[in-house]
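For what it's worth, the numbering used here labels the leading residue of the sequence shown as 136, then goes sequentially.
Backbone N, C-alpha and C define an ideal beta-carbon position, used for all residues, glycine too.
Encoded as structure tokens, the structure appears first; notes follow it.
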Amino acid sequence: MIRFKNVSKIYPPNVVGVESVSLHIQPGELVSIVGKSGTGKSTLAKMLFAEERPTRGIIEIGGWDITHIADKDIPLLRRQIGVVFQDFKLLQQKTVYENVAFALQVAGERPSRIRDVVPTVLKIVDLEDKHDRYPRQLSGGEQQRVAIGRALVHSPKVLVADEPTGNLDTINTREIVDMLRKINEFGTTVVLVTHDREMVNSLRKRVITLENGRIVADVEEGRYRI
136 MIRFKNVSKI YPPNVVGVES VSLHIQPGEL VSIVGKSGTG KSTLAKMLFA EERPTRGIIE
196 IGGWDITHIA DKDIPLLRRQ IGVVFQDFKL LQQKTVYENV AFALQVAGER PSRIRDVVPT
256 VLKIVDLEDK HDRYPRQLSG GEQQRVAIGR ALVHSPKVLV ADEPTGNLDT INTREIVDML
316 RKINEFGTTV VLVTHDREMV NSLRKRVITL ENGRIVADVE EGRYRI
């Protein structure tokens with residue numbers, strides 16, 4: 136599903152993002168990428184959805200070599216990889232329904248398909264009863280669930296969650312962890328990028344630890360001890 140082959144990302148003038156990273160994530164896995172701030176976690180995540188390009192090495196998603204992906208192909212890639220960020224990135228003037236529908240509208244989907252998909256997605260993220268609320272009327276956890284729903288509208292093969300609970304309290308963090316676990320159980324590969332020790336340890340899934348841009352541990356059903 137996801138394969139990094141000796142991947143490095145060097146920022147000018149000579150700042151290492153990640154260095155000589157090789158990993159393989161199987162379809163349907165839930166993997167946590169962990170490490171302290173500045174260890175290369177987000178750089179690795181950004182290369183998955185082509186926000187950053189590697190300096191060296193090869194990146195494959197589902198057998199597709201995206202190392203030198205053309206700009207015109209990036210929208211197709213991002214329909215296969217849903218992305219959730221720490222800061223939600225919701226449109227404040229749009230309702231929950233409209234925020235989720237917007238991701239389909241910009242992809243040129245038919246109105247009939249949008250009417251079918253959005254209610255299904257809102258049910259998955261347990262927000263069907265708040266479809267007409269605006270982001271300001273939601274808790275932080277609910278806003279993140281809207282963002283997760285928006286990331287799921289194209290039925291992506293992979294969901295990348297980059298510090299998805301960084302702005303949330305403990306209760307809302309648990310809700311998001313449960314949601315990611317549920318999505319993974321549906322068969323979606325989930326890549327969780329985080330420094331939240333408790334969240335990672337509660338999942339009891341594979342843990343890849345980065346330090347100074349390099350993988351220093353890769354443990355099945357691991358625990359984050361840093």
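For residue 196, three-class secondary structure by DSSP: Secondary structure at residue 196: strand, using DSSP grouped into helix, strand and coil.
Minimum C-alpha distance to residue 289 - residue among 193, 243, 191: 243
In the DSSP output, what is residue 344 paired with across the bridge? 169, 352
In whole angstroms, what is the alpha-carbon distance linking residue 221 and residue 329? 10 Å
Alpha-carbon to alpha-carbon, residue 150 and residue 291: 32 Å
Verify whether the separation of the beta carbon atoms of residue 215 and residue 293 is less than 8 Å. yes
Quick one: what's residue 284 bridged to in DSSP? According to DSSP, residue 284 shares a beta bridge with no other residue.
Count the C-beta pairs between the stretch 237-255 and the stretch 181-198 that are closer than 8 Å, then say yes if the count reaches three, no if not. no
Under 8 Å by Cβ, that's how I've got residue 167 and residue 338 pegged, so tell me the actual separation to the nearest angstrom. 7 Å
With a cut-off of 8 Å, do at least 3 Cβ pairs link the stretch 224-240 to the stretch 265-283? yes
For residue 139, is the classification buried or exposed, using 16 other Cβ atoms within 10 angstroms of its Cβ as the cut-off for buried? buried
In angstroms, rounded to a whole number, what distance separates the CA positions of residue 305 and residue 333? 10 Å
Would you report the Cα separation of residue 255 and residue 266, rounded to the nearest angstrom? The alpha-carbon atoms of residue 255 and residue 266 are separated by roughly 12 Å.
Spatial distance of residue 182 from residue 175 (CA atoms): Straight-line measurement puts the Cα of residue 175 at about 11 Å from the Cα of residue 182.
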